[in-house]
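A.B. asks: In the working numbering, each number is its position in the sequence shown, counted from 1, plus 4.
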Amino acid sequence: MIPFNKPYLTGNEIAYIEEAVKSGKISGNGHFTKKCQNFFESNYGIKKALLTTSCTDALEMAAILIDIKEGDEVIMPSYTFVSTANAFVLRGAKIIFADSRKDHPNIDETKIESLITAKTKAIVPVHYAGVACEMDAIMNIAAKHDLYVIEDAAQAVDSYYTGKNGIKKALGSIGHLAAFSFHETKNIISGEGGLLAINDDKFIDRAEIIWEKGTNRSSFFRGEVDKYGWVDIGSSFLPSEIIAAFLWAQLENLEKIQAKRKEIWNNYFNSLNDWAQKNEIELPLTPDYATNNAHMFYLVCKNLEQRTKLLAHLKENEILAVFHYISLHTSPFYLSKHQGGELPETDRFTDCLVRLPLFFELDSQKVINAIIDN
Ligand SMILES: *Cc1c(COP(=O)(O)O)cnc(C)c1O
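#1: Keeping to the same chain, check which residues put their C-beta closer than 6 angstroms to that of Asp107; ignore five residues upstream and five downstream.
#2: Answer yes or no: do Pro243 and Thr57 have a C-beta to C-beta separation smaller than 8 angstroms?
#3: Would you call the stretch 215-226 and the stretch 79-86 touching, i.e. three or more CB-CB distances under 8 angstroms?
#4: Just checking Thr295 against ligand 1 - is the residue's beta carbon closer than 7 angstroms to any of the ligand's heavy atoms?
#5: Going by C-alpha to C-alpha distance, which of Ala174, Ser240, Ala91 and Glu113 sits closest to Ser104?
#6: Please write down, chain order preserved, every residue whose beta carbon lies under 6 angstroms from a heavy atom of ligand 1.
#7: Which one or two residues does DSSP pair with Lys52 in a beta bridge?
#8: Looking at the unbroken alpha helix (DSSP H) that takes in Lys266, where does it start and where does it end?
#9: Quick one, are the C-beta atoms of Val304 and Ile6 less than 8 angstroms apart?
#10: CB-CB under 8 angstroms to Gly233, same chain, minus the five flanking residues each way: which ones, in chain order?
#11: For Ile171, count the other beta carbons within 10 Å of its own beta carbon; 16 or more makes it buried, fewer makes it exposed. Which is it?
#12: Are there three or more Cβ pairs, one per stretch, closer than 8 angstroms when the stretch 242-262 is compared with the stretch 38-48?
#13: Round the Cβ separation of Asp156 and Val130 to the nearest angstrom and send it over; I've been treating them as touching at under 8 angstroms.
#14: Candidates Ile111, Lys125, Leu119 and Asn9: which alpha carbon is nearest Val135's?
#15: Which residues does DSSP list as the beta-bridge partners of Trp234?
#16: Thinking C-alpha only, which one of Val93, Phe224 and Asn283 is nearest Asp377?
#17: Of all the options Lys190, Trp252, Asn274 and Ile285, which has the alpha carbon lying nearest to the alpha carbon of Glu23?
#18: What is the residue span of the beta strand (DSSP E) that Thr124 lies within?
#19: I'd like to confirm the pairing. Which residues does DSSP put opposite Glu155 in its beta bridges?
#20: Determine the contact status of Ala374 and Ile323, defining contact as a CB-CB distance below 8 angstroms.
#21: Between the Cα of His299 and the Cα atoms of Leu360, Gln281 and Pro291, which residue gives the shortest distance?
#22: Mind listing, in chain order, the continuous beta strand (DSSP E) runs of no fewer than 3 residues lying wholly within the stretch 69-95?
#23: Measure the CB-CB distance between Ala211 and Lys52 and report whether it falls below 8 angstroms.
#24: DSSP three-state call for Lys370: helix, strand or coil?
#25: Taking the C-alpha atoms as reference points, what is the distance between Thr88 and Ala147?
#26: Around the Cβ of His180, are there at least 16 other Cβ atoms within 10 angstroms (buried) or fewer (exposed)?
#27: By a C-beta neighbour count over all protein chains shown, 10 Å radius and 16 as the cutoff for buried, is Lys190 buried or exposed?
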């Protein structure tokens, strides 16, 4: 059976964990945590990076930082993972869903402005498959209406957006805040893990406090205050050094991991092109302003029936392909509180999208052959 995902170990993970354990410091915010955070700050133009135990946690920190309160509204795509919404719902926000683009599961930037009300506090673009949303348009809408932008960059490590001014920026460095994931299904992994990117200076001090359980322990360790205590709300958002050590082994090998994933992605794309055209199936689009970080290879079938057949055919050939997301606006939890709107493009991706296996050690030719023989 070819699995959908298989975590790839670069070789140094266990050695670095051993190093962390032997150093006697295995709680958070140590040597390996700083190395990982510096990597994101120096390579991706992020002002301040804080490792978290998940992307979900990083999104929850973002919701606290922008002071989401009961009744605030947050605009996001419906075609996303539940954490994008839950982080804000936990603080009392009402989620307003926007439809996906026709040509991509990303939020349709032209549908955002009409959803803004006096209660709107933030826009949360999700860079689906690591492909950038139209960030110039989104940042301009946010500036015009005085809103925050929080990028859900869970899938978007090492991917870029080029603005109309020609400047290329890493995803996660554009919004006021951004959240990355190192879950084992992502490109760079630590089992569970995440990172909060802070690009607006005004959030940096408070973010450290929320991260350290509502205390000013980080300033204390830097010698800025002579004792530390309870100064704000917060929680246990920082991961142990054991997780950070694993993550550092991955980050050191980022180029190698990315090169291999892109090779597999390109093989899929080039080999499936004719077959897809013949069967009226769409291959993934990378708009001119975006890069492809090979997080995911997906197909968009022409209807649910075609997708069901394709998944069954792959299963018969011992290949596990999957679909997702059941759009959030049709979920039992959302419908128990709100009316469902009409989001036709979101519904289409929910019914028609298929994700093919994509991992470092995959023999993609086997998957391609099974598909083309269909
Ligand atoms: C994976 C993912 C998350 C959640 O990441 P965790 O690290 O598992 O919390 C959130 N949003 C999107 C779009 C994701 O793909």
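A virtual CB, placed ideally from N, CA and C, is assigned to each residue, including glycine.
C.D. replies: To lay it out plainly:
#1: For this step, residue 107 is matched to residue 103 along the sequence shown. Leu289.
#2: Here residue 243 refers to the residue found at position 239 of the sequence shown. Here residue 57 refers to the residue found at position 53 of the sequence shown. Taking C-beta atoms as the reference points, Pro243 and Thr57 count as a pair closer than 8 angstroms.
#3: No: fewer than three Cβ pairs fall under 8 angstroms.
#4: If you number the sequence shown from 1, residue 295 lands on position 291. Answer for Thr295: no, Cβ out of range of ligand 1.
#5: The sequence position of residue 104 within the sequence shown is 100, counting from 1. The shortest C-alpha separation from Ser104 is found at Glu113.
#6: A distance filter of 6 angstroms between CB atoms and the heavy atoms of ligand 1 selects the following residues in sequence order: Ser58, Cys59, Thr60, Thr84, Phe85, Ser87, Thr88, Val130, Asp156, Ala158, Gln159, Ser185, His187 and Gly198.
#7: Residue mapping note: residue 52 aligns to position 48 of the sequence shown, counting from 1. For Lys52, the pairing in a beta bridge is given by DSSP as Ile202.
#8: Looking up residue 266 in the sequence shown gives position 262. Taken as a continuous stretch (DSSP letters only), the alpha helix (DSSP H) holding Lys266 covers Leu258 to Lys282.
#9: By one-based count along the sequence shown, residue 304 stands at place 300. By one-based count along the sequence shown, residue 6 stands at place 2. Ile6 is positioned such that its CB atom lies no closer than 8 angstroms to that of Val304.
#10: Walking along the sequence shown from the start, residue 233 turns up at place 229. So the qualifying residues of the chain are Thr219 and Asn220.
#11: Residue mapping note: residue 171 aligns to position 167 of the sequence shown, counting from 1. Exposed: under 16 other Cβ atoms inside 10 Å.
#12: A contact exists between the stretch 242-262 and the stretch 38-48.
#13: As a position in the sequence shown, residue 156 is number 152, starting the count at 1. As a position in the sequence shown, residue 130 is number 126, starting the count at 1. 4 angstroms between Cβ atoms; contact.
#14: On the sequence shown, position 131 is the one that residue 135 refers to. Of the listed residues, the one whose Cα sits closest to Val135 is Ile111.
#15: In the sequence shown, the residue the question calls residue 234 occupies position 230. BP columns for Trp234 point to Thr219.
#16: Working through the sequence shown from its first residue, we reach residue 377 at position 373. Of the listed residues, the one whose Cα sits closest to Asp377 is Asn283.
#17: On the sequence shown, residue 23 is found 19 positions in, with the first residue counted as 1. The shortest C-alpha separation from Glu23 is found at Trp252.
#18: Stepping through the sequence shown from its first residue, residue 124 is reached at position 120. Unbroken beta strand (DSSP E) run through Thr124: Thr124 to Ile127.
#19: Numbered from 1 along the sequence shown, position 151 holds the residue referred to as residue 155. In the DSSP secondary-structure assignment, Glu155 is bridged to Ala182.
#20: Reading the sequence shown from its first residue, position 370 is the one you call residue 374. Reading the sequence shown from its first residue, position 319 is the one you call residue 323. Against a cut-off of 8 angstroms, the Cβ pair of Ile323 and Ala374 comes out as a contact.
#21: Here residue 299 is taken as the residue at index 295 of the sequence shown, counted from 1. Residue Leu360 is the option with its Cα nearest to His299.
#22: Listed in chain order, they are 77-81.
#23: In the sequence shown, the residue the question calls residue 211 occupies position 207. In the sequence shown, the residue the question calls residue 52 occupies position 48. Yes; because the gap between Cβ atoms is below 8 angstroms, this pair is in contact.
#24: Here residue 370 corresponds to residue number 366 of the sequence shown, with the count starting at 1. Three-state DSSP puts Lys370 in a helix.
#25: Against the sequence shown, residue 88 aligns to sequence position 84. Against the sequence shown, residue 147 aligns to sequence position 143. Spanning the two alpha carbons is a distance of roughly 21 angstroms.
#26: Mapped onto the sequence shown, residue 180 falls at position 176. Classification for His180: buried.
#27: For this step, residue 190 is matched to residue 186 along the sequence shown. With 16 or more other Cβ atoms within 10 Å, it is buried.
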